[in-house]
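Shown next, in structure tokens, is the structure this report addresses.
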Amino acid sequence: MIFRNRSLARIGAGALLASGALTVLGSPAHASGTETDLAIEVAGTRVAANAQGKFAYAKVTNTGKNTPSELSVRVDVSKVDFDKVAAVPAVEDGCDIEFAGEKPTAFICHATEKGLPGPGETTDLPIVLFKFEAEGTYKAPLSFKLISKDDTNAANNTKTATLDFSDASGPDLSVVAEDVKQAVKIVDGNPVYSGDLHAGGRSALTYFITNQGDKAAAGLKISVKLPKGVTPTEVEPGCEYAADKSTFTCTYANFGLIPQDEDTNPEDKLYSAYGFYHVFDVAADVKPGALKGGLVSVEPVGSAPSRMRAAAVTLPENVTGLRATDVDATDNSDAYAVIVAAKGGAGGGGDDDGGLPVTGAQTTLIGGIGGAVLIAGAAMFMVARRRRVVLVTPGDEKPTA
């Protein structure tokens, strides 16, 4: 498994922000060539008993054939008691807000041009869930609705979820996988993205795993499914592969993740998040478009009371790690697509100039990528958290601690 050194407070799975210009919705008529089927899903709305909060996600996937000209997501929070808890979209420049008196009842967040998902792509709206009272449980219904004049199928435009500050205690792993849109080269051990990805080309799947629970995960079990037409460039030690290498599973019994609320010391070697990448090759005979069906899933392997999981030890050969119960399994998997461009397009996969190293933000979000750490009203509990990622030499499964 290949790991990267990365600050999640800057980019992604935990503290990516949405920012940017708000879009005024136009007439209900479709623009030429923008009709498509958009679908919404929601993940991660259950919070561990002793966690102060977490990120949930509303995910909008383009299952059609065109890129929409506009997209908004309306989050109904009218049943939420903001004196006790908060549910706020993580959008730096804010969303349109509906009020009943002084109480917010809904947020409407609009995608910038970069946040509009192309065919097969997914764009995410992070939602900060935060509780003001240290103890006690709380539940409230949330509803989500995507809004676009270009959408052709209203049947998959709404989702409901329960905001659940639970009494369950344990690890709460969350994974965010990025759609792959560019070719890649490995430079000094890190992938550098540059130009379009074409048939016969090489790129890398990047994803991030964060522990948003109240107990440490002693280890990780990661399963990756590659889209049809994509194969791993290399076989990684310690991972089990299907015969056609389209799926593989890697178990790391000694890669622990402490809760993100406790990841406050930049000098220690305890981590609440890891970033991963896997290099792959695209078959030479695939057609341009979105290669769908990619999926990353993660499970905790054992749990430990928070910071007791310090410098993780290697288990003896006769000891096997056991799976722990994840507090919220809805955000343990994330789908992704590989976008293959037609040759001769504007992107040009062979140009090394302007390459984007993986230390730059890649994840597509409603509103685009912001440049600051999370500021979302009362949910500023994430601001001081330093979610860091351990750097490991490719193929080395030993922890740095």
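Residue numbers (the working numbering): 797 to 1197.
Heads up, the beta-carbon is just placed ideally off N, CA and C, and yes, glycines get one too.
In its own chain, which residues sit with a C-beta less than 7 Å from the C-beta of I893, not counting the 5 before and 5 after it?
P900 and F903
Burial state of K977, where buried means 16 or more other Cβ atoms lie within 10 Å:
buried
List, from N- to C-terminal side, the beta strand (DSSP E) runs of 3 residues or more that fit wholly inside the region 891-934.
892-896, 899-906 and 918-927
Alpha carbon of S1042 to alpha carbon of K1021, nearest angstrom:
Rounded to whole angstroms, S1042 to K1021 spans 6 Å at the Cα level.
What is the DSSP secondary structure of E1095, reduced to helix, strand or coil?
strand
By DSSP, does L818 sit in helix, in strand, or in coil?
Unreliable positioning characterises L818 in this predicted model, as indicated by a pLDDT of 26, which lies under 50. The coordinate reading is nonetheless provided below. Reduced to three states, the DSSP call for L818 is coil.
Cα-Cα, which of G1052, C891, V988 and K880 is closest to S1068?
G1052
Where DSSP assigns a beta bridge to P1023, which residues make up the other side?
Its beta-bridge partners do not exist; DSSP assigns none.
Is it right to say G966 is buried, meaning 16 or more other beta carbons lie within 10 angstroms of its own, or is it exposed?
buried
How is Q1008 classed by DSSP in three states: helix, strand or coil?
Correct three-state label for Q1008: coil.
Considering only the alpha carbon of each residue, which of L867, G911, A1086 and A1014 lies closest to E1095?
A1014
What separation, rounded to the nearest whole angstrom, lies between the Cα atoms of G1150 and L938?
Residue placement at G1150 cannot be trusted, given a pLDDT of 45 that sits under 50; the coordinates are not used to answer.
Could you pull the start and end residues of the beta strand (DSSP E) that D1130 belongs to?
S1129 to V1136
Q978, DSSP secondary structure in three states:
strand
Top-ranked residue by Cα proximity to F851, from I1005, L1087 and G1034:
I1005
Distance cut-off 7 Å: V976 Cβ against heavy atoms of the ligand MG
The model depicted lacks the ligand MG and carries no ligand whatsoever.
Does the contact criterion of 3 or more C-beta pairs under 8 Å hold for the region 853-865 versus the region 978-985?
no
If you follow the beta strand (DSSP E) that V881 is in, where does it begin and where does it stop?
V881 to P885
Determine, using beta carbons only, whether A964 and A845 come nearer to each other than 8 Å.
yes
By the 10 Å Cβ neighbour count, where 16 or more other Cβ atoms means buried, how is K1011 classified, buried or exposed?
Under this definition K1011 is a buried residue.
Decide if the region 1021-1034 is in contact with the region 1078-1093; the criterion is three or more beta carbon pairs, one per stretch, under 8 Å apart.
yes
Bridge-paired residues (DSSP) for A835
T857
Kindly indicate which three-state DSSP category N952 falls into: helix, strand or coil?
helix
Any idea what DSSP makes of T841, helix, strand or coil?
coil
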